[in-house]
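K.L.:
In our numbering, the protein residues as written are 32 to 159.
Where a beta carbon is used, it is the ideal one built from N, C-alpha and C, also for glycine.
Bear in mind that the values here come from a model prediction, so they are computed numbers and not experimental data.
Before we start, here is the structure in question, set down as structure tokens.
Given below as structure tokens:
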């Protein structure tokens, strides 16, 4: 089989491939906070599209947004709101929902981040 544009062919399957990859957080340096699947069944970009569109930087690792001091975890997000407004009520509610999910997350900083291929409903590896 021959393709005129092999990279176009390969990239067309990348999105489908990524739907079957789940991330296990260790050091959190290599997992993208918004785009990778690491909590629940949806990426944070899909779960919180309103917040995702407000971001200054979308392709950010978990480690870049998370700080830990004396066992207290805090998260830092940079919103692109312009200089004339703050988050509105709806946006603030979404941030609260996001933080409540993040409060349940435990990173294993002594381990490496890993990617896990998910099995289909039949327990097989598949990308159909």
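So the candidates are 116, 127, 121; which of them puts its Cα closest to the Cα of residue 107?
P.N.:
Residue mapping note: residue 107 aligns to position 76 of the chain shown, counting from 1. Looking at the Cα atoms, 127 is the closest of the given residues.
K.L.:
Buried or exposed for residue 148, going by 16 or more other Cβ atoms inside 10 Å?
P.N.:
Taking the chain shown and counting its residues from 1, the one referred to as residue 148 is at position 117. Flag for residue 148 reads exposed.
K.L.:
Hey, quick one: how far does the beta strand (DSSP E) through residue 130 stretch, first residue to last?
P.N.:
Stepping through the chain shown from its first residue, residue 130 is reached at position 99. Not the beta strand (DSSP E): residue 130 falls in the alpha helix (DSSP H), residues 120-133.
K.L.:
Under DSSP, the alpha helix (DSSP H) around residue 78 begins and ends at which residues?
P.N.:
Taking the chain shown and counting its residues from 1, the one referred to as residue 78 is at position 47. Note, residue 78: alpha helix (DSSP H), 75-78.
K.L.:
For residue 89, collect the residues of the same chain with a Cβ closer than 8 Å to its Cβ; drop the 5 residues on either side in sequence, then sort them by chain order.
P.N.:
Along the chain shown, one-based indexing puts residue 89 at 58. Excluding five sequence positions before and after residue 89, the CB atoms of its chain that fall closer than 8 Å to its own CB belong to 65, 66, 76, 83, given in chain order.
K.L.:
Would you kindly report the start and end of the unbroken alpha helix (DSSP H) that includes residue 93?
P.N.:
One-based indexing of the chain shown puts residue 93 at position 62. Per DSSP, residue 93 belongs to the alpha helix (DSSP H) from 93-96.
K.L.:
Here's the rule I'm using: 16 or more other beta-carbon atoms within 10 Å means buried, otherwise exposed. How should residue 62 be labelled?
P.N.:
Residue mapping note: residue 62 aligns to position 31 of the chain shown, counting from 1. It is buried - the Cβ of residue 62 has at least 16 other Cβ atoms within 10 Å.
K.L.:
Work out the CA separation of residue 86 and residue 118 for me, nearest whole Å.
P.N.:
As a working note, residue 118 is residue 87 in the chain shown. As a working note, residue 86 is residue 55 in the chain shown. Their backbone Cα atoms lie some 12 Å apart in a straight line.
K.L.:
DSSP has residue 99 in a bridge; who is on the other side?
P.N.:
As a position in the chain shown, residue 99 is number 68, starting the count at 1. DSSP, once it has assigned bridges, lists 104 as partnering residue 99.
K.L.:
In its own chain, which residues sit with a C-beta less than 8 Å from the C-beta of residue 144, not counting the 5 before and 5 after it?
P.N.:
The sequence position of residue 144 within the chain shown is 113, counting from 1. The residues are 54, 55, 56, 57, 58, 59, 60, 61, 62.
K.L.:
Please state the DSSP three-state secondary structure of residue 65.
P.N.:
Translated into the one-based positions of the chain shown, residue 65 becomes position 34. Reduced to three states, the DSSP call for residue 65 is coil.
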